[in-house]
Structures are given as C-alpha cells and as structure tokens.
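Asks: Reminder that position 403 of the sequence shown reads as 402 in numbering that gives the first Met the number 0, one-by-one numbering, no gaps.
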Amino acid sequence: MPTRKRLLAWLAAVVLVVGAVVVLRTTEESPDRPDAGPQPVHVDRFASDIVVLPSPGDPPPAPDRIVVTPDTDQLRLSWADGLAGGGPPEGVVGYEVRWHRDGGPVASRLVATPDVQLDGLRNGQRYRVEVRGIDAFGQRSAPTEVIGVPQRASRPWLAGLTGLYDDFGDPATALGGSPTSRWHMSGYRGCVGLGPGRVTGRGLPIDLGCGADMAVLRAREPLRLTAPEGTDGVLGRVMVRTDTAGPGGELTVDLVPGRADRVGVGVRRASRTEEVDPALPGGTIRVVVADVGVQVAAAPDVPSTGRTIEMHASPRRGPGVVHLFEVVLTTSGVRVYQDGLAVAARGVVPTWDTAWVLLGFRGPDGRRSRVHVAGAGFTGPPVAAPGVVEASVTAATRQVLGLTDQEPGIGIARTPLRSARSARVVATMAVTPDLDPNGVVVQLGGMRVPARPAVAVPPRVQGAALTVVADVPAALLGPRGPDTITPFVLRAPGASPQVSLLETYLEITPTPSWSPTDPPSINQPELPDGLPTWPRRWATPPGSRSPARPCRGAGSSCWG
0 MPTRKRLLAW LAAVVLVVGA VVVLRTTEES PDRPDAGPQP VHVDRFASDI VVLPSPGDPP
60 PAPDRIVVTP DTDQLRLSWA DGLAGGGPPE GVVGYEVRWH RDGGPVASRL VATPDVQLDG
120 LRNGQRYRVE VRGIDAFGQR SAPTEVIGVP QRASRPWLAG LTGLYDDFGD PATALGGSPT
180 SRWHMSGYRG CVGLGPGRVT GRGLPIDLGC GADMAVLRAR EPLRLTAPEG TDGVLGRVMV
240 RTDTAGPGGE LTVDLVPGRA DRVGVGVRRA SRTEEVDPAL PGGTIRVVVA DVGVQVAAAP
300 DVPSTGRTIE MHASPRRGPG VVHLFEVVLT TSGVRVYQDG LAVAARGVVP TWDTAWVLLG
360 FRGPDGRRSR VHVAGAGFTG PPVAAPGVVE ASVTAATRQV LGLTDQEPGI GIARTPLRSA
420 RSARVVATMA VTPDLDPNGV VVQLGGMRVP ARPAVAVPPR VQGAALTVVA DVPAALLGPR
480 GPDTITPFVL RAPGASPQVS LLETYLEITP TPSWSPTDPP SINQPELPDG LPTWPRRWAT
540 PPGSRSPARP CRGAGSSCWG
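(1) Could you tell me whether the Cβ atoms of S316 and A297 are closer together than 8 Å?
(2) Along the chain, where does the beta strand (DSSP E) containing G359 start, and where does it finish?
(3) Can you tell me whether R236 is buried or exposed? The criterion is at least 16 other CB atoms within 10 Å of its CB, across all chains shown.
(4) Of the choices G84, V92, A83 and D404, whose alpha-carbon is the least far from that of A61?
(5) Taking the Cβ atom as the reference point for each residue, do A83 and H311 lie within a distance shorter than 8 Å?
(6) Do G438 and A395 come within 8 Å of each other at the CB atom, strictly closer than that value?
(7) With DSSP as the reference, label R316 as helix, strand or coil.
(8) Go ahead and label L74 buried or exposed: buried means 16 or more other beta carbons lie within 10 angstroms of its beta carbon, across all protein chains shown.
(9) Using 10 angstroms around the beta-carbon of I521, count the other beta-carbons present and answer buried if the total reaches 16, otherwise exposed.
(10) Hey, quick one: how far does the beta strand (DSSP E) through F324 stretch, first residue to last?
(11) Kindly give me the distance between the Cβ atoms of E309 and V342, rounded to whole angstroms, as I take these residues to be in contact under 8 Å.
(12) Indicate whether at least one CB of chain D lies closer than 8 Å to the CB of G263.
(13) Let me check understanding here. Comparing Cα to Cα, which of Q497, R459 and R223 lies closest to G281?
(14) If you draw a straight line from the C-alpha of V145 to the C-alpha of S180, how long is it?
(15) Quick one: Cα of G305 to Cα of R345, how far?
(16) By how many angstroms is the C-alpha of G445 removed from the C-alpha of Y187?
(17) Relative to the C-alpha of A494, which residue among D433, I484 and T503 is closest?
(18) Using a Cβ distance threshold of 8 Å, determine whether the segment 268-280 contacts the segment 371-386, with at least three qualifying pairs required.
(19) Could you check whether the segment 261-271 touches the segment 396-413, counting it as contact only if at least three pairs of C-beta atoms, one from each stretch, sit closer than 8 Å?
(20) Which residues bound the beta strand (DSSP E) around W78?
(21) For the segment 156-164 against the segment 128-146, do three or more pairs of beta-carbon atoms, one drawn from each stretch, fall closer than 8 Å, so that the two count as touching?
(22) Starting from D560, trace the beta strand (DSSP E) in both directions and tell me its first and last residue.
(23) Suppose you measure from the CA of L234 to the CA of R64; what does that come to, to the nearest Å?
(24) Rank H99, G102 and D134 by C-alpha distance to the C-alpha of A111 and give the top, closest one.
(25) Using only CA atoms, which one of G462, L443, A419 and T427 lies nearest to P478?
(26) Excluding sequence positions up to five away, which residues of its chain have a Cβ less than 6 Å from the Cβ of Q124?
(27) Between the segment 359-374 and the segment 462-482, are three or more C-beta pairs nearer than 8 Å?
(28) Quick check on the burial criterion: 16 or more other C-beta atoms within 10 angstroms. Buried or exposed for G248?
(29) Any idea what DSSP makes of A453, helix, strand or coil?
(30) Can you name, in chain order, every residue of its own chain whose Cβ lies under 6 Å from the Cβ of G56, other than the five neighbours on each side?
(31) Among residues of its own chain, excluding the 5 on either side of D166, which ones have a beta-carbon nearer than 6 Å to its beta-carbon?
(32) Applying the 10 Å Cβ sphere with the 16-neighbour rule, what's the burial state of G168?
(33) How close, in whole Å, do the beta carbons of L500 and A426 come, if the pair is a contact with beta carbons under 8 Å?
(34) Per DSSP, T427 is paired with what?
(35) In chain order, what residues of the same chain lie with their CB nearer than 8 Å to the CB of V498, ignoring the 5 residues before and after it?
(36) N122 to W98, Cα distance in whole Å?
In structure tokens, the structure reads:
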C-alpha cells in the first residue's frame, strides 16, 4: 500500500512539471504566433502620485468673426487677435483654413496665427473659405465660413505720395547697376540679395540667406517736409507695404538727415535697443515694428516729450502676409499706423526739413528666409532721380587701417571708371569710440582722398554704422590710365582691428557710352518663404514628363 501511494505521488509530480513546462512555452511563444493581435496599451491618468495627466475636453470654440480683405488675385483673412480689439480664443493653438471655388478642388493650410493671405486666386471668382480652431489635442472646432471675391482694392493711402512711390513692378528700380534705379540696397554680400523678380501679390523678394543680417533699402531721393497741413499739423508721411513684420521678423523705418546707407548697430535687433539710441546719427528718428510691439526711437539730440505710447494693440501678423505701415510726422510728434489703425505715437519732432528714408528688413534669427516689399513711398515735392549707377568693389582688407599701417598690395580694376563722368567711393564701416570720423581717407593707388561722413553728427558708439563718401580724382576717370588701382584701402586716425568695412562701392555718373562689365542680376538661390510646402499637390500635372516639384504657398491649383 505505501508503494502504491509513492507511485501516485511520483506521477502527480511528473504531471505538474510537464504542465508547467507547457504553460511556460505557450507564454513565451504567444507573441510570435501569426494570429496574435496588438496588445492594448493602458495609460494611467496619474503620471505620479500627485500629477494627473490632462484629458481632451470639449472642442475649441469656432472663430467668432472673420474679416476678408480682397486684393488683386488674393484674399487676406483676419480673425480673433488678428483684428483690432480682438483677443485669442481660449484653448486654441492653431487653425485650419480651407478654401475653394464653386466646383473647384479644396485647398487647405494649417497656420499658427489668425492672419493668413491666400495668393494665386482668380479675380472675380467667389471663394468659400472655412476656418476651424484647433486645440492642443488636435480637436477641431466647428467651421466659420465666409465668402471672398479677389479684386483690385482701393488704395486711399496713395494720395499725397508725390515725393516717391514704387510698387516694384519693375525690379530694375532696386538694382544698383541700372541708371533707372531708385533705391540702394545694403547688406552683407553673399547673405542678402534680391529674388528673381516681383512675386504676384507679395512684391519684390529679398533673400536673407545667413539668418543674422538685415537688408536696407535707401531711397535715392530724400524726403522733404512740407508746411503743416490740417488740424494735426502733418509735415510728411512715409509708407511701406511688406510682410517683414510677421512672426520673428522686424521692420525699421529710419529718417536720417544725411545720405547714410546704414545706421545703428547692425548685429543687434532694433527692437532690443533703448528709445534714446546713441548709435543713431544725430537727428535720426527710427520706427521699429516687431513681435514685441511698435517703438519710436531717436538719437539723443532729438527733442522728445516722453516715451512711445501704444494707441491700440497691434493686431497679430501672420508669416507671408503683406500689411501697410505708415509713419506720419507732425508738429507734435510721430504717429505709426498699421492698415490704417493708429498703433503708436511719441512726442519726437524732427529738427530737419530734409532726410533720407532707410527701410530695414530682418527675418527670424538663425533662419534663412525671404521677405517681400509690395510698395514704398513718401510725401513731399518730387525730386528727380540722380541717374547714377553702382559698381561693387572690394577693398584689399576689410579692416580700416591706421594712417601709417602697411597695406596689402591688392587693388581694383579701373574698368567701371573708363566711361564715368564723375565717381565717388562710398563705404560703410562699423566704428569704435576712438575712431576719428572726420579723418577718414581713401587710398587709391598713390593718392589719398579725404572721405567725409554722410551725416553731420556721426555716432561714436562701438559697432555703430558710419557711411563716408570720397570723390574719385579726375585723373582716374576716362579711357586713359592704368588697368588697375593698387592698393585700394581705407584709413582713419584711431583705427583698430575692431573697425571693419561693411560695404564699399563706386557711385558713378555715367557717360552715354557707359555699360557695366557684368549685367546686373537679381537671381538668387530659392530660399524658404515661410509658407508651407504641400507634398501631395504637384506643379506638374499627372502624366507629364517634366520633373515634378512640390507646390509652394497658397492657391487652389498649381497649374491651369
């Protein structure tokens, strides 16, 4: 009997071991079985003992009101805090915009700001546009729908722009090598350049390829103030239409009593400087438009009765959206307008009656970008364009030398001067407090020519820009003479390695037989324009042998 019990116990143990092995093998092999489905994932709402993870709530609210501003081949839509007096809707982090013609394909765009410009549309056609708010969980609101018809808009702001107005329909007006040029563009060579012509609905493209510099357009004709007009005592007005002041961008309007090409410290954003800026030449008034707001700055010698006052909060501006900015000079101060809305004012009064207008364009820091200028101008009596051309030249060294420093044996070709009636060397440098701005000389071969500051009160702040001008001696003009001018350097008392050249060029009054050695070109590599790229729509119709490329920007179709 005991033997039988021991046998039964032994058999039970064997069965238990075999069963355990089978269970373990089944557990290990179950993930590899072909019919094994995905295992459910359970997320605990409690990230820790005292942290509860959020959960989606109700969908976000739909945009309350959408304002449509039509223009040629485009519609601009603004809502929420993109409108005057509007506020950001609670819980909304972005928006989805969908639009189409009746019976046409639907296009869409995701945007982060309540301000969008739809380009490439057809004039006179009805477009149905829907805007939905999106929250952090990706939930979309109910749509708010509007109807827009692209058409040429009225332009009341054109009235009185008798001093200068340019819509940049002809890109040659911004080319320094063209006798019809009305602007000088300043920027680091290789970093700043003009794009390949006017972009419909946006204007003249300016490429900012290094992510740290700004482009400056200086009008060749000055702004001249008039007698006070109206009850506000308006003396003059400057306007510019641009998309520069979008997210991360910055627009500056400088009014300088002197023909400077750049002012201030270029490596520093103007919106981060004080309203009394010693880096500006004497008498200069500067208006800055950026994400942080609108600021009216001035040189220390400009009379002022206070700081910048915010008249109305500036509506948010979206990337790639063109807005109108106006700077109005009055007998009581400066006022700034965005799309007709007064956004800022300050009691600074110009001490001059003539000033040069400098428009500065800067993109987001650390990013290659493209901005556009759709128009610019100012009031006052018309002044004939000087009819000069520019030829870029490079000094033997970017450093401004002392008066007795040894210069490199490097010069420039005299080709641009062979057909010149007269010429000037124009140079812009970053100064130091020790530099004597009135002692700068340009060395052209064996000749040293004095260079005069372009402004009456030059800045003496570290890194501030100073433009100087020197007349080229008559002996270096005309067909006779050497092929090269060696050396070509700039010198100044108190110069140091910190005094560097930002730009040098020849400004030439040409003879009828003058022609540039290299025809001016504005072609630059294509740069990001801040608009989304849609890989699912192609610029080449299906079935074509041409290589396909993604569509860029807005529009219901990229062909047809």
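Ideal Cβ placement from N, Cα and C applies to all residues, glycine included.
Owing to the predicted nature of the structure, the values given are computational and were not obtained by experimental measurement.
Replies: Straight from the coordinates:
(1) In the sequence as presented, Ser is not what sits at residue 316; that position holds Arg. With contacts defined as CB atoms closer than 8 Å, R316 and A297 fail to qualify as a contacting pair.
(2) Run containing G359: T353 to R361, per the beta strand (DSSP E) assignment.
(3) Burial call: buried.
(4) Residue V92 is the option with its Cα nearest to A61.
(5) Closer than 8 Å, so yes.
(6) For the pair A395 and G438, the CB atoms are not nearer than the 8 Å cut-off.
(7) In the three-state reduction of the DSSP assignment, R316 falls in the coil class, being assigned neither a helical nor a strand state.
(8) Counting every other CB atom within 10 Å of its CB across the protein chains shown gives L74 a total of 16 or more, marking it as buried.
(9) Any reading at I521 must be qualified, since the residue scores a pLDDT of 40, below 50, and its modelled position is unreliable; no value is offered.
(10) In the DSSP assignment, F324 falls within the beta strand (DSSP E) that extends over H322 to T329.
(11) That pair is a contact at about 7 Å.
(12) In the displayed structure, chain D is absent; only one protein chain is listed.
(13) Nearest of Q497, R459 and R223 to G281, Cα basis: R459.
(14) Our two residues, V145 and S180, have alpha carbons roughly 42 Å apart in a direct line.
(15) Straight-line Cα distance between these residues: approximately 7 Å.
(16) Cα to Cα, Y187 sits roughly 29 Å from G445.
(17) For A494, the closest C-alpha among the options D433, I484 and T503 is that of D433.
(18) Contact fails between the segment 268-280 and the segment 371-386, because fewer than three Cβ pairs, one in each stretch, are under 8 Å apart.
(19) Contact between the segment 261-271 and the segment 396-413 is absent, because fewer than three Cβ pairs lie under 8 Å.
(20) In this chain, the beta strand (DSSP E) harbouring W78 covers Q73 to W78.
(21) The answer is no - the segment 128-146 does not touch the segment 156-164, with fewer than three Cβ pairs under 8 Å.
(22) This structure leaves residue 560 out entirely; the chain is present only between 0 and 559.
(23) Just so you know, the alpha carbons of L234 and R64 end up roughly 37 Å apart.
(24) When each option's Cα is compared against that of A111, the closest is D134.
(25) When each option's Cα is compared against that of P478, the closest is A419.
(26) Annotation for Q124: R100 place their beta carbon closer than 6 Å to its own, counting only its chain and skipping 5 residues before and after.
(27) No: fewer than three Cβ pairs fall under 8 Å.
(28) The residue is buried, with at least 16 neighbouring Cβ atoms inside 10 Å.
(29) In the structure shown, the three-state DSSP call for A453 is coil.
(30) In the same chain as G56, and ignoring 5 residues on each side of it, no C-beta atom comes closer than 6 Å to its own.
(31) Cβ within range, chain order: G374.
(32) With fewer than 16 other beta carbons inside 10 angstroms of its own, G168 counts as exposed.
(33) Contact holds; Cβ gap of about 6 Å.
(34) Paired residues: T466 and E502.
(35) Sequence-distant Cβ neighbours of V498 in its own chain, meaning closer than 8 Å and more than five residues away, are Q398, V399, M428, A429, V430, T431, L434 and A491.
(36) The C-alpha of N122 lies about 15 Å from the C-alpha of W98.
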